[in-house]
Each structure stands twice: as C-alpha cells, then as structure tokens.
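Per the numbering used here, numbering of the sequence shown is gapless, rising by one per residue and ending at 323.
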Amino acid sequence: MVLPSGLEIPKEVLDAEIKSFFDSAPPLKNSDDVSQKLEEFVKKNSLLSGTGGARRVVCVTSGGTTVPLEQRCVRYIDNFSSGHRGAASTKYFLKAGYAVIYLHRRGTCQPYCRSLPDDPLLECLEIVDESNIQVRSAITKTHVAVAEDLLLKLPFTTIFEYLQMLQMVAFTIKSIGPHAMFYLTAAVSDFYVPWKSMAEHKIQSGSGPLDMRLVQVPKMLLVLRKDWAPMAFCISFKLETDSKILLEKADMALRKYKMHMVVANELLSRKEEVVVVTSNEKISVRQNKSLGVDDVESALIELLVERHTVYVENSDNLTGQQ
Ligand code: 9Z3
C-alpha cells in the first residue's frame with residue numbers, strides 16, 4: 002500500500018504487509034544455527050557475574066541488501082554500501098566495552114580489516130613493504146573478540162535473509178531491555194520482487210524489454226521499535242545525495258519510526274561528516290584529523306555511547322533497578 006509521504010500506514014495494514022513479506026520469503030537455510038548462536042551470545046553477555054552486571058549488546062547492521070530477480074538467481078538489484086561505516090563502528094563499540102552482533106553483507110569490510118574484503122586469506126595478510134608480507138595483528142584482534150564472545154558475525158546477502166535475521170536478533174536481545182542497541186547502517190532495499198511472483202529460471206533476453214513489478218518493502222523500523230524490541234535504543238541512518246533535503250528527511254524518519262536518533266549523511270561527504278538528529282538537536286560530527294583520527298566513526302560512537310548510558314540510567318530509575 003502506498004500513501005502520500007508523511008501519512009502513516011494504519012498499524013493493521015503494516016502488520017499484514019510484514020506478515021505477507023515473511024510468509025512468502027524463502028526460509029533461512031541456517032536458521033536453527035543462527036538462533037542458537039544468538040541465544041548463547043546474548044546469554045553469556047547478560048550473565049556477567051562480578052563485572053557489575055550485564056554487558057551492553059549492540060547489533061550493527063552493515064552493507065547493502067540485494068533483491069534477487071530470479072529464484073535461481075543470476076541477476077539481482079543491489080544497494081550501495083562498502084560496509085566501511087559498520088566495520089569501523091564495530092571496532093569502536095568493542096573498544097567501548099560492548100558486545101557486538103555484526104549483521105553484515107557477505108564479502109564487505111570487516112572490523113579491524115576495513116580496507117580488505119571479507120576473504121579469509123586476504124584477512125590474514127598485511128603488506129609491510131615491497132618484499133615483506135606479514136600476518137596482520139588486526140586479525141588477532143578479530144579472532145580474540147570472536148573467541149571471547151564479544152563479536153558475533155552473521156552474514157546476509159538478500160533482503161529476505163537480512164530482515165529475517167534482524168527479526169531474530171531483535172527477538173533475542175529484547176530480553177536485555179534498554180541494554181540493547183540497534184545501529185542500523187545497512188543500506189536496505191526499498192523495493193523487492195515477492196518470492197512467489199519471481200521467475201524460477203533465468204529470465205530470457207529474447208523477448209524484448211523487461212517489464213517487472215517491484216513491491217515496496219514494508220518498513221520494519223516501526224515494528225522493531227514498537228513490537229520486536231521495544232526497550233532497545235535505536236539509531237537508524239538516512240542517506241541522501243541531495244543535501245538540501247537530507248535533514249528534513251532524517252527528521253521525518255525520526256518521528257515516523259520513533260527512532261531515538263537518526264544519523265544523516267550525504268553520499269559524497271559521508272566519510273568526513275554526519276549530522277546526528279534527535280527530537281531537539283542537530284549535532285554535527287566530523288572527523289578530527291588534527292587529533293590524528295582518520296574517521297568520523299570515532300567521535301560518532303563516543304556520542305552514541307554517552308547517550309545510551311543516559312538512556313539506560315533513566316530506564317533503570319524508572320523500573321527502580323539502579
Ligand atoms: C547509511 O547511510 C550508511 O552511512 C552508508 C555507509 C551506507 C552511506 P559505507 O558502507 O556507507 O561506509 O560505504 N546507511 C543507511 C542507508 C539507508 O538505506 N537508509 C535508509 C534510507 O535512507 C533507511 S533504513 O531511507
């Protein structure tokens with residue numbers, strides 16, 4: 002159902018659209034395995050006796066989702082994202098003491114190895130000089146984080162896989178209430194071909210122009226906030242190429258999807274500056290080269306962690322837990 006922008010879709014219509022999306026999606030192949038890993042990861046990090054209570058858990062989504070055009074997929078529509086933002090942010094969340102669920106597009110940048118693709122062999126090597134290649138120390142950091150149950154990597158490719166896994170993550174980290182955070186930097190497809198109306202075999206090119214109907218992907222952000230994990234602290238991203246409409250669109254997303262914060266970024270300047278939009282502020286965050294920091298994520302994560310702390314304290318006071 003398409004409404005003029007700004008108008009809200011009635012809850013029952015949205016719920017029906019979401020149900021139809023999940024009912025018609027091809028089931029996740031490794032869903033039992035993913036669900037078991039998630040349960041164990043959240044349990045271990047929420048039962049930290051002697052360390053002052055539960056560790057906070059953030060789900061960082063990263064990379065673009067694909068929309069397959071055929072069931073036996075040869076062609077697909079892709080969404081732009083190198084995964085750099087998600088990988089860099091994961092590193093800073095780990096440094097700040099969070100456990101991270103890294104829900105990422107297969108083959109995109111990885112934490113501590115940001116400029117390299119997700120290839121196990123490449124990940125291990127570092128070029129020292131023309132004649133010297135060594136095993137990189139960063140790989141040890143990734144492995145240590147994984148081994149210590151601080152980093153859980155979950156790869157996706159399609160929009161179907163991504164949304165099913167996002168829902169599973171939400172249902173699992175709901176149990177830690179305000180200690181959970183969603184940091185939704187993945188570039189998610191807006192339109193898709195429903196599985197049932199998708200051609201099974203490779204679409205043939207001999208029959209002239211391709212006429213194909215794409216359906217709108219139901220907006221899951223609102224149900225994530227309201228139903229899936231209502232106490233979690235949620236940050237979404239807004240990407241535009243036209244800077245004139247960026248802040249207005251970010252503000253609209255904040256109100257429409259009841260996000261706690263929306264990070265607005267423009268495609269060309271996204272590595273130098275972002276603007277964090279809240280209900281009453283617009284905070285510009287820039288990379289600070291003079292301090293020797295070469296990315297914007299360092300200051301961004303510092304700000305978000307600060308705001309999450311206030312959110313957790315306020316929620317604890319409300320429930321009388323301290
Ligand atoms: C972003 O805006 C991310 O910051 C980038 C990061 C994808 C630009 P890279 O991975 O780039 O470092 O190369 N992500 C959200 C994009 C998005 O699809 N947002 C939706 C929208 O703008 C809302 S969910 O409508």
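Built from N, CA and C at the ideal position, the CB exists for glycine as well.
Keep in mind the model is a prediction, meaning the values are calculated, not measured.
Confirm, please, whether the CB-CB distance from N80 to A188 is below 7 Å.
yes
Please classify P11: is it buried, with 16 or more other beta-carbons within 10 angstroms of its beta-carbon, or exposed?
exposed
DSSP-derived helix/strand/coil call for Y113:
coil
How about R226: is its Cβ closer than 6 Å to a heavy atom in the ligand 9Z3?
no
Helix, strand or coil for Y184? Go by DSSP, reduced to three states.
strand
Less than 7 Å between the C-beta atoms of V43 and I174, yes or no?
yes
What does the alpha-carbon distance come out to for the pair T310 and I284?
18 Å
At a threshold of 6 Å, does K239 count as lining the ligand 9Z3 (C-beta to nearest heavy atom)?
yes
I'd like to confirm something about T186: is its beta-carbon nearer than 6 Å to some heavy atom of the ligand 9Z3, or not?
yes
The ligand 9Z3 heavy atom lying under 6 Å from the CB of H261:
no
For H309, which three-state DSSP category applies?
helix
As assigned by DSSP and simplified to three states, the class of E282:
coil
Where does S316 fall in DSSP's three states?
helix
So is the beta-carbon of N266 under 6 Å away from any non-hydrogen atom of the ligand 9Z3?
yes
Use the C-beta contact count for F22: other C-beta atoms within 10 angstroms, 16 or more gives buried, fewer gives exposed.
buried
For E16, which residues of its own chain have a beta-carbon under 8 Å away from its beta-carbon, when the five flanking residues on both sides are left out?
For the sequence presented, residue 16 should be read as Asp rather than Glu. Taken in chain order, the residues that qualify are V224.
Return the chain-ordered ranges of every beta strand (DSSP E) run that is complete within the segment 23-92 and spans a minimum of 3 residues.
58-63, 67-69, 77-79
Determine, using beta-carbon pairs with one atom in the segment 100-116 and one in the segment 52-70, whether at least three such pairs fall under 8 Å.
yes
Cα-Cα separation between K142 and K96, rounded to whole angstroms
11 Å
Option nearest N289 by Cα separation, candidates N46, N281, L301
L301
Can you say whether D296 is buried or exposed, counting buried as having 16 or more other CB atoms within 10 angstroms of its CB?
buried
Apart from the five residues on each side of it in sequence, which residues of its chain come closer than 7 Å, Cβ to Cβ, to P75?
Sequence inspection shows Val at residue 75; the Pro mentioned does not correspond to that position. The residues are K203.
Same chain, Cβ closer than 7 Å to I177, neighbours up to 5 away in sequence not counted:
V43, S47, A55, V58
Using only the heavy atoms of the ligand 9Z3, determine whether one of them is closer than 6 Å to the beta carbon of R271.
yes
Can you check whether the CB of Q111 is closer than 7 Å to the CB of A88?
yes
Sub-7 Å separation of Q165 and L29 beta-carbons:
yes
What separation, rounded to the nearest whole angstrom, lies between the Cα atoms of K272 and F183?
21 Å
In the DSSP assignment, the beta strand (DSSP E) including Y258 goes from what residue to what residue?
Unbroken run through Y258: none, as it is neither H nor E.
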